[in-house]
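Chemist: The sequence shown: position 25 = 25 (the UniProt record's numbering), numbered continuously.
I'd like to ask you about the structure that follows.
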Amino acid sequence: MEEKTVRAMEFVTIEHYSEERFTERKSLFIGRALPVNSEDEARKFIEEIKEKHNDATHNVYAYTIENRITRMSDDGEPSGTAGRPVLEAIMQKKLTNVCVVVTRYFGGILLGAGGLIRAYRKAAELCLNKATIITIKKIPVYAVTVSYEHWSRILKLANNLGLPQKEPVYLQEVTGYFGVIPELEEKFLQEVIDLSFGQAKIQKEEEMLVKYKEGRYLPV
1 MEEKTVRAME
11 FVTIEHYSEE
21 RFTERKSLFI
31 GRALPVNSED
41 EARKFIEEIK
51 EKHNDATHNV
61 YAYTIENRIT
71 RMSDDGEPSG
81 TAGRPVLEAI
91 MQKKLTNVCV
101 VVTRYFGGIL
111 LGAGGLIRAY
121 RKAAELCLNK
131 ATIITIKKIP
141 VYAVTVSYEH
151 WSRILKLANN
161 LGLPQKEPVY
171 LQEVTGYFGV
181 IPELEEKFLQ
191 EVIDLSFGQA
201 KIQKEEEMLV
211 KYKEGRYLPV
């Protein structure tokens, strides 16, 4: 079996776009959250919201990418009263690869520094609370090549273990591609060998991204 080095990666993010809004002393706050995989995606989302709400008083944002890149903007609100509480709402949930934009339409009543901090944080928390939280992992993929006689046993094993799969290739033999989390690697590989009576050809391929949702790992 050929070995390749796989870099472990795991993070928590949101699955889909989410939105919530509320009114605080006549000011309308609209919080929007989107999963993003790069700064370019985050900037595109921010610009889309700014264009959509170009009549808003403020479009405040914060985002974090891969737990190493963080950006925020008060967009004209007093320093530290807008972007920072939005970012803190993201960090409190230990999320990454998330961008949150909070749009404010001023209602004529000043909220003060403390009021702004609470309002912007609330807007971010509301849209994040509405989102589905998922865990993303990068795991190795094993290519398992067996005879047609043994294929159904291997497929049943993978399904019983809940392994995410790629399309198999059917030639003279069948090659299946299975994502395997570290906790199941030893068990899976040993049972593949046992079920194929030692005839399976196993090779570690490039890693794949999977999401953990409702007790199952699924391809991203």
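Glycine included, every Cβ here is placed at the ideal spot set by N, Cα and C.
Counting beta carbon pairs with one atom in the segment 90–108 and one in the segment 51–65, are three or more of them shorter than 8 Å?
Modeler: yes
Chemist: Strictly by DSSP, which residues pair up with Tyr-63?
Modeler: Answer by DSSP bridge pairing, in chain order: Arg-71 and Cys-99.
Chemist: Might you give, ordered along the chain, the residues of its own chain that have their beta carbon closer than 6 Å to the beta carbon of Thr-70, omitting 5 neighbours on each side?
Modeler: Thr-64
Chemist: Applying the criterion that 16 or more other CB atoms from any shown protein chain within 10 Å of the CB defines a buried residue, is Leu-128 buried or exposed?
Modeler: buried
Chemist: Less than 8 Å separating the beta-carbons of Arg-25 and Ile-117?
Modeler: no
Chemist: So, at 6 Å on beta carbons, what are the nonlocal neighbours of Leu-28 in its own chain, with the 5 sequence-adjacent residues on each side left out?
Modeler: Tyr-105
Chemist: What distance in whole Å lies between the Cβ atoms of Ser-18 and Ala-131, which are believed to be in contact at a cut-off of 8 Å?
Modeler: 4 Å
Chemist: DSSP on Leu-218, reduced to helix/strand/coil?
Modeler: Three-state DSSP puts Leu-218 in a strand.
Chemist: What residue range does the beta strand (DSSP E) around Tyr-212 cover?
Modeler: 208–213
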